[in-house]
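Colleague: Below is a structure I'd like to ask you about.
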Amino acid sequence: MILVDSSVWISVLRGVSTLQTTKFYQIEDLQEVVLGDLVLLEILQGAQSEQHAAEIRKRMHAFDAVPLLSPDLAVKAARNYRLLRSRGRTMSKTADLIIGTYCIENDLSLLHSDKDYLPMAEYLGLQIA
13 MILVDSSVWI SVLRGVSTLQ TTKFYQIEDL QEVVLGDLVL LEILQGAQSE
63 QHAAEIRKRM HAFDAVPLLS PDLAVKAARN YRLLRSRGRT MSKTADLIIG
113 TYCIENDLSL LHSDKDYLPM AEYLGLQIA
């Protein structure tokens with residue numbers, strides 16, 4: 013299973029060709045794609061209007077959004093933040109910390125184009141797709 017980050021979804025929705033969008037289009041079974049609720053939030057925040065948001069939601073309809081945060085995951089994400097901080101690396105975005113921790117805890121690969129995830133891969137075992 014692969015969780016696709018908003019950094020990739022935005023390029024996919026805009027039709028921008030990148031290494032990550034190429035990887036996205038190479039996914040044979042789109043049922044392997046996980047859409048996190050925070051990722052959906054980040055995508056929809058970028059909509060220019062309600063009509064644009066409705067168009068995005070229609071395109072994303074094929075993917076069920078899963079909740080990424082629970083009380084247990086919040087504790088694990090905070091622990092991951094402290095561990096990274098102790099190694100001199102800090103996560104600048106809480107949403108990325110939650111998304112990365114969710115992937116680690118649920119053994120999902122993360123398809124992204126956001127350098128903020130690199131410390132999680134290096135120190136916490138986040139699998140990069």
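Using my numbering, read the sequence shown as starting at 13 and increasing by one per residue. The beta-carbon is built from N, C-alpha and C at its ideal position, and this holds for glycine as well.
#1: Identify the residues that DSSP records as bridge partners of V16: which are they?
#2: I'd like the list of long-range same chain contacts for T113, defined as Cβ closer than 7 Å, with 5 residues on each side in sequence excluded.
#3: Hey, could you find the ends of the alpha helix (DSSP H) V28 is sitting in?
#4: When you compare the CB positions of L120 and L80, do they come within less than 8 Å of one another, or not?
#5: Quick test of your reading: L15 and I111, contact by CB under 8 Å. State the CB separation rounded to the nearest angstrom.
#6: Give me, in chain order, the residues of the same chain whose beta-carbon lies closer than 7 Å to that of T102; leave out the 5 immediate sequence neighbours on both sides.
#7: Could you tell me which residues DSSP puts in a beta bridge with V45?
#8: Any idea what DSSP makes of I39, helix, strand or coil?
#9: Taking three-plus beta-carbon pairs below 8 Å as touching, is the region 23-35 in contact with the region 124-136?
#10: Using the beta-carbon count (16 or more within 10 Å), is L53 buried or exposed?
#11: Looking only at its own chain, which residues have a Cβ that is under 7 Å from the Cβ of V20, when we skip the five neighbours before and after it?
Modeller: Looking at the coordinates:
#1: L123
#2: L85, K88, A89, N92
#3: Note, V28: premise wrong, no alpha helix (DSSP H); not H, not E.
#4: no
#5: 7 Å
#6: L96
#7: I14
#8: coil
#9: yes
#10: exposed
#11: Q32, T33, F36, L123, H124, S125
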